[in-house]
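Colleague: If you read the first sequence in numbering that gives the first Met the number 0, its first letter stands for residue 0, the second for the next number, and so on. For each residue, glycine too, the CB sits at the ideal point set by N, CA and C.
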Amino acid sequence: MTNENEDQSNIKPKHFIQEAIDEDLKSGRFKRIHTRFPPEPNGYPHIGHAKAISINFEIAKEYGGLCNLRFDDTNPLAEETEYVNAIKEDIRWLGYDWEDREYYASDYFEQLYEYAVKLIKDGKAYVDSLSAEEMSEYRGPWNKPGKNSPYRGRSVEENLDLFERMRKGEFADGTHTLRAKIDMASPNMNLRDPAMYRILKAHHHRTGDAWCIYPTYDWAHGEGDSIEGISHSLCSMEFENHRLLYDWFVEQLGIHHPRQMEFSRLNLTCTVMSKRRLVKLVQDRHVRGWDDPRMPTLRGMRRRGYTPEAIRHLCEIAGVTKTPSTLQMSVLENCLREDLNKRVLRKMAVLHPLRVVIENYPEGKVEELDAVNNPEDAGAGTRKIPFSRVIYIEQDDFMQHPPKEFFRLAPEREVRLRYAYFIQCNRVIQDRQGNITELRCTYDPETRGGQAPDGRKVKATIHWVSADHAVDAEVRLYDNLFSKEDPDDFPEGKDFIVNLNPKSLEILKNCKLELSLASATVGERFQFERLGYFCVDPDSSAQRLVFNRTVTLRDTWAKTRKG
RNA sequence: UGGGGUGUGGUGUAACGGUAGCACGCCGGCCUUUGGAGCCGUUAGUGAAGGUUCAAAUCCUUCCACCCCAGCCA
Numbered sequence: 000m001t002n003e004n005e006d007q008s009n010i011k012p013k014h015f016i017q018e019a020i021d022e023d024l025k026s027g028r029f030k031r032i033h034t035r036f037p038p039e040p041n042g043y044p045h046i047g048h049a050k051a052i053s054i055n056f057e058i059a060k061e062y063g064g065l066c067n068l069r070f071d072d073t074n075p076l077a078e079e080t081e082y083v084n085a086i087k088e089d090i091r092w093l094g095y096d097w098e099d100r101e102y103y104a105s106d107y108f109e110q111l112y113e114y115a116v117k118l119i120k121d122g123k124a125y126v127d128s129l130s131a132e133e134m135s136e137y138r139g140p141w142n143k144p145g146k147n148s149p150y151r152g153r154s155v156e157e158n159l160d161l162f163e164r165m166r167k168g169e170f171a172d173g174t175h176t177l178r179a180k181i182d183m184a185s186p187n188m189n190l191r192d193p194a195m196y197r198i199l200k201a202h203h204h205r206t207g208d209a210w211c212i213y214p215t216y217d218w219a220h221g222e223g224d225s226i227e228g229i230s231h232s233l234c235s236m237e238f239e240n241h242r243l244l245y246d247w248f249v250e251q252l253g254i255h256h257p258r259q260m261e262f263s264r265l266n267l268t269c270t271v272m273s274k275r276r277l278v279k280l281v282q283d284r285h286v287r288g289w290d291d292p293r294m295p296t297l298r299g300m301r302r303r304g305y306t307p308e309a310i311r312h313l314c315e316i317a318g319v320t321k322t323p324s325t326l327q328m329s330v331l332e333n334c335l336r337e338d339l340n341k342r343v344l345r346k347m348a349v350l351h352p353l354r355v356v357i358e359n360y361p362e363g364k365v366e367e368l369d370a371v372n373n374p375e376d377a378g379a380g381t382r383k384i385p386f387s388r389v390i391y392i393e394q395d396d397f398m399q400h401p402p403k404e405f406f407r408l409a410p411e412r413e414v415r416l417r418y419a420y421f422i423q424c425n426r427v428i429q430d431r432q433g434n435i436t437e438l439r440c441t442y443d444p445e446t447r448g449g450q451a452p453d454g455r456k457v458k459a460t461i462h463w464v465s466a467d468h469a470v471d472a473e474v475r476l477y478d479n480l481f482s483k484e485d486p487d488d489f490p491e492g493k494d495f496i497v498n499l500n501p502k503s504l505e506i507l508k509n510c511k512l513e514l515s516l517a518s519a520t521v522g523e524r525f526q527f528e529r530l531g532y533f534c535v536d537p538d539s540s541a542q543r544l545v546f547n548r549t550v551t552l553r554d555t556w557a558k559t560r561k562g
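1) Candidates PRO186, GLY207 and TRP218: which alpha carbon is nearest TYR196's?
2) Can you find at least 3 beta carbon pairs, one from the region 510-525 and one from the region 443-456, that sit closer than 8 angstroms?
3) If you draw a straight line from the alpha carbon of GLU222 to that of PRO257, how long is it in whole angstroms?
4) Tell me the DSSP secondary structure of CYS440 in three-state form.
5) Pick out the complete alpha helix (DSSP H) segments inside the region 115-161, 4 residues or longer, and give them in chain order.
6) Can you name the residues that DSSP bridges to MET260?
7) Does DSSP put THR206 in a helix, in a strand, or in coil?
8) CA-CA distance, GLU358 and THR436?
9) Whole angstroms is fine: what's the gap from THR555's alpha carbon to LYS561's?
10) Taking all protein chains shown into account, do 16 or more other C-beta atoms lie within 10 angstroms of the C-beta of ASN158, making it buried, or fewer, making it exposed?
11) Report the CB separation of PHE421 from THR446 in whole angstroms; it is logged as a contact under 8 angstroms.
12) To the nearest angstrom, report how far apart ARG293 and TYR477 are at their CA atoms.
13) Quick check on the burial criterion: 16 or more other C-beta atoms within 10 angstroms. Buried or exposed for LEU76?
14) Which residue marks the beginning of the beta strand (DSSP E) containing GLN526, and which one marks its end?
15) Going by DSSP, what residue range makes up the alpha helix (DSSP H) through VAL464?
16) If I'm right that ALA519 touches VAL535 with Cβ under 8 angstroms, what's the distance once you round it to whole angstroms?
17) What are the boundary residues of the alpha helix (DSSP H) that GLU222 is part of?
18) Using the three-state DSSP reduction, which class does ARG578 fall into: helix, strand or coil?
19) Is the region 233-244 close to the region 259-266, with three or more CB pairs under 8 angstroms?
20) Buried or exposed: where does ASN425 fall if 16 or more other Cβ atoms within 10 Å of its Cβ makes it buried?
21) Suppose the cutoff is 8 angstroms on Cβ atoms and the five residues either side in sequence are ignored; what does the same chain contact list for GLN7 look like?
22) Would ILE52 be called buried (16 or more neighbouring beta carbons within 10 Å of its own) or exposed?
23) With distances taken from CA atoms, which of LEU408, ILE212 and ARG553 is nearest HIS462?
24) Going by DSSP, which residues form a beta bridge with GLY531?
25) If you draw a straight line from the alpha carbon of LEU335 to that of LEU267, how long is it in whole angstroms?
26) In three-state terms, what does DSSP make of HIS468?
27) Relative to the C-alpha of LEU161, which residue among THR176, SER148, VAL371 and TYR418 is closest?
28) Buried or exposed: PRO40, going by 16 or more other Cβ atoms within 10 Å of its Cβ?
29) So what does DSSP say about ILE10, is it helix, strand or coil?
30) Identify the residues that DSSP records as bridge partners of ASP488: which are they?
31) For HIS202, I'd like the list of residues in its chain whose CB is within less than 8 angstroms of its CB, leaving aside the five on either flank, ordered along the chain.
32) Which word fits ASP99, buried or exposed, when buried means at least 16 other C-beta atoms lie within 10 angstroms of its C-beta?
33) Roughly how far, in whole angstroms, is the beta-carbon of ALA49 from the beta-carbon of ILE32, given that I think they are within contact range, below 8 angstroms?
34) Taking the runs of the alpha helix (DSSP H) that are 4 residues or longer, which of them lie wholly in the region 258-294?
35) When DSSP labels each residue in this structure, what does HIS33 get in the three-state scheme?
36) Using the Cα positions of LEU297 and ASP172, report the straight-line distance between them to the nearest angstrom.
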């Protein structure tokens, strides 16, 4: 039982769409809330789409309403069944469910045709026979009114006849269009007699060859919303200019009138979101494909190891506003770490192995040491890890001539091997080029488990893997795809490709993992202690494990090292 | 150039005429068998100029900046 005055600070403020919905419910404009997510099946969803998905589904949930999935498939030239499947898969992965409400704009083609006939009969639509170029000329520029098409005055009968023959396929592509008769002088370009149908003798992914005229977005979208009984049609800001037209169509038809509201899209630093740019990255092989772990596509992020929870949380904290904005990648990374830290098992893995021989440890001896699976979750328990005379540590964890802020292993210095013993470095072995190839150390048998009975402290704890028990693996390290926060900030005469981060992918082939990782399965996520979060890539086989680094741990040492 | 929209610390977001708050980042400290996590603290903001008011991020006026629109794309 909570007291209403108890803690006002925990009440989440409502965004402008929620406030509008509250009013609409209060005024009786709508009795219940029904939203929809309306993707065009012409590409793979990315994190920007995740925001639209989450807004629509979350609002429906919050108000006890429903959210439909509706494919906006009015352009057969761009759309494919492969994409509808991909979109469904990604929405489900994000954690949203449209139940049996999977609709298609193409479900409404017949109804739309009848609506169009009604508008023609009412004298509100006409068949135009201007070419695309002519139509553009007649439309005029922003600051001057357009001119009426010479065909604007056709009789209802002639329009009806022509429109029917358009449907029958009597005319070639592009020879006629059906246009709404609104106002060629409107300052809003969308109202200058917008096209409603174009002739397109193209195969549609669902209706096949049944149609050779296809409705435009403006003509189909609001009507689809209306047919489905949508209350709030939420879309991104670029459709704000279309709202007058949206309203005009449903008003003329006298059908259920949903309320369109616009919010600004989600942008992220160091990546690109536009379809055109994403296609270029894939086509020109700057990435391996749509599911490349560096891509902002949901399949890319999934492969990288992102959790749906982290993505949903990002959408939540990004907020819903009309302000154009770009979130910093660190916000996403923080959402991810927050989520992964709580639930993921810790393992030890050495990415850049440096061989260490513990000279006073008996040859052939193996001990099983206890390690904590997740310090954030006592229920995750412990595991045994093998320790022996030869181990690998991270190359970065040793410095021959350490600066004073470095407190890992160095000559004559003692550190703790996590969950094992204190070791001290006695000798550095180098090859002819001066590369450090091996360390000779001694351990203190009294420090088993990591504590010295004499109370002696060490300044660092480092991770390690027993050489004889190590699992070999490939690890792929990812960094931002673009090195510039804004990839579109490029010199004149160049394009965004110049801002690609040359170090966005680094492949390590000789990594040593703790034994228990041998049975890891594709998609499983772990924290490699002191390094970051990693997940098993589908490229893994029984012979060879492949891990992706999802995100690093926060690394304050790396920061002081640079600064 | 016409229309539509948006301006709050570096970034994102609160405030609905009454103490400019939160998150990420940054910087510093505590703690630590992960230089992780956690905890504490610092820094920094109302696009500009006028006006109304006891009081303005909020209301009014003017200006400035940025985004969207001239597809038979969505």
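Modeller: Quick look at the numbers:
1) Taking the first residue of the first sequence as position 1, residue 196 is located at position 197. The residue with the shortest Cα to Cα distance from TYR196 is TRP218.
2) With the rule of 3 Cβ pairs closer than 8 angstroms, the region 510-525 does not count as touching the region 443-456.
3) Numbered from its first residue, the first sequence carries residue 222 at position 223. Numbered from its first residue, the first sequence carries residue 257 at position 258. If you draw a straight line from the Cα of GLU222 to the Cα of PRO257, it comes to about 9 angstroms.
4) The residue labelled residue 440 in the question sits at position 441 within the first sequence. Note: CYS440 maps to strand in three-state DSSP.
5) Scanning the region 115-161 from its first residue to its last, the whole alpha helix (DSSP H) runs of 4-plus residues come out as 131-138.
6) Sequence index remark: in the first sequence, residue 260 carries index 261 (1-based). Answer is LEU233.
7) Position 207 of the first sequence, counting from 1, holds the residue named residue 206. DSSP places THR206 in coil when its eight states are reduced to three.
8) One-based indexing of the first sequence puts residue 358 at position 359. One-based indexing of the first sequence puts residue 436 at position 437. If you draw a straight line from the Cα of GLU358 to the Cα of THR436, it is about 16 angstroms long.
9) Within the first sequence, the letter at position 556 stands for residue 555. Within the first sequence, the letter at position 562 stands for residue 561. Looking at the two C-alpha atoms, the distance is approximately 10 angstroms.
10) As a position in the first sequence, residue 158 is number 159, starting the count at 1. Burial of ASN158 is indicated by the presence of at least 16 other C-beta atoms within 10 angstroms of its C-beta.
11) For this step, residue 421 is matched to residue 422 along the first sequence. For this step, residue 446 is matched to residue 447 along the first sequence. At roughly 4 angstroms, the Cβ-Cβ gap stays under 8 angstroms, so PHE421 and THR446 are in contact.
12) Taking the first residue of the first sequence as 1, we reach residue 293 at position 294. Taking the first residue of the first sequence as 1, we reach residue 477 at position 478. So the two alpha carbons sit approximately 7 angstroms from each other.
13) In the first sequence, the residue the question calls residue 76 occupies position 77. Under this definition LEU76 is an exposed residue.
14) To locate residue 526, count along the first sequence from 1; it is residue 527. Looking at the DSSP string, the run of the beta strand (DSSP E) that includes GLN526 is 524-527.
15) Translated into the one-based positions of the first sequence, residue 464 becomes position 465. Looking at the DSSP string, VAL464 is not in any alpha helix (DSSP H); the run it does join, the beta strand (DSSP E), is 463-465.
16) For the purposes of this step, residue 519 is taken as the residue at position 520 of the first sequence. For the purposes of this step, residue 535 is taken as the residue at position 536 of the first sequence. By a beta-carbon distance limit of 8 angstroms, ALA519 contacts VAL535. Their separation comes to about 5 angstroms.
17) Locating residue 222 in the first sequence gives position 223, counting from the first residue. Here the alpha helix (DSSP H) through GLU222 covers 216-226.
18) The requested residue 578 does not occur in the structure, where the chain is confined to residues 0 to 562.
19) With a cut-off of 8 angstroms, the region 259-266 and the region 233-244 count as touching, because enough Cβ pairs lie within range.
20) As a first step, residue 425 is located in the first sequence; it is residue number 426 there, counting from the start. So ASN425 ends up on the exposed side.
21) The residue given as residue 7 occupies position 8 in the first sequence. Any reading at GLN7 must be qualified, since the residue scores a pLDDT of 44, below 50, and its modelled position is unreliable; no value is offered.
22) Counted from its first residue, the first sequence places residue 52 at position 53. Burial call: buried.
23) On the first sequence, residue 462 is found 463 positions in, with the first residue counted as 1. Closest by C-alpha distance to HIS462, out of LEU408, ILE212 and ARG553, is LEU408.
24) Walking along the first sequence from the start, residue 531 turns up at place 532. In the DSSP assignment, the residues bridged to GLY531 are PHE527 and THR551.
25) As a first step, residue 335 is located in the first sequence; it is residue number 336 there, counting from the start. As a first step, residue 267 is located in the first sequence; it is residue number 268 there, counting from the start. Rounded to whole angstroms, LEU335 to LEU267 spans 15 angstroms at the Cα level.
26) By 1-based counting over the first sequence, the position of residue 468 is 469. HIS468 falls in the helix class under three-state DSSP.
27) What you label residue 161 is simply residue 162 of the first sequence in a count that begins at 1. Ranking THR176, SER148, VAL371 and TYR418 by Cα distance to LEU161 puts THR176 first.
28) Residue numbering aside, residue 40 sits at position 41 when the first sequence is read from its first letter. When all chains shown are included, PRO40 counts as buried.
29) Taking the first sequence and counting its residues from 1, the one referred to as residue 10 is at position 11. Three-state DSSP puts ILE10 in coil, outside helix and strand.
30) Walking along the first sequence from the start, residue 488 turns up at place 489. Bridge partners of ASP488: none, in fact.
31) Along the first sequence, read from residue 1 onward, the residue named residue 202 stands at position 203. These residues qualify, in order along the chain: PRO75 and ASP208.
32) Reading the first sequence from its first residue, position 100 is the one you call residue 99. Per the 10 Å Cβ criterion, exposed.
33) Stepping through the first sequence from its first residue, residue 49 is reached at position 50. Stepping through the first sequence from its first residue, residue 32 is reached at position 33. Between ALA49 and ILE32 the beta-carbon gap is near 21 angstroms, outside 8 angstroms, which marks them as no contact.
34) Qualifying alpha helix (DSSP H) stretches, in chain order: 274-282.
35) In the first sequence, residue 33 corresponds to position 34, counting from 1. Reduced to three states, the DSSP call for HIS33 is strand.
36) Reading the first sequence from its first residue, position 298 is the one you call residue 297. Reading the first sequence from its first residue, position 173 is the one you call residue 172. A direct Cα-to-Cα measurement between LEU297 and ASP172 gives close to 36 angstroms.
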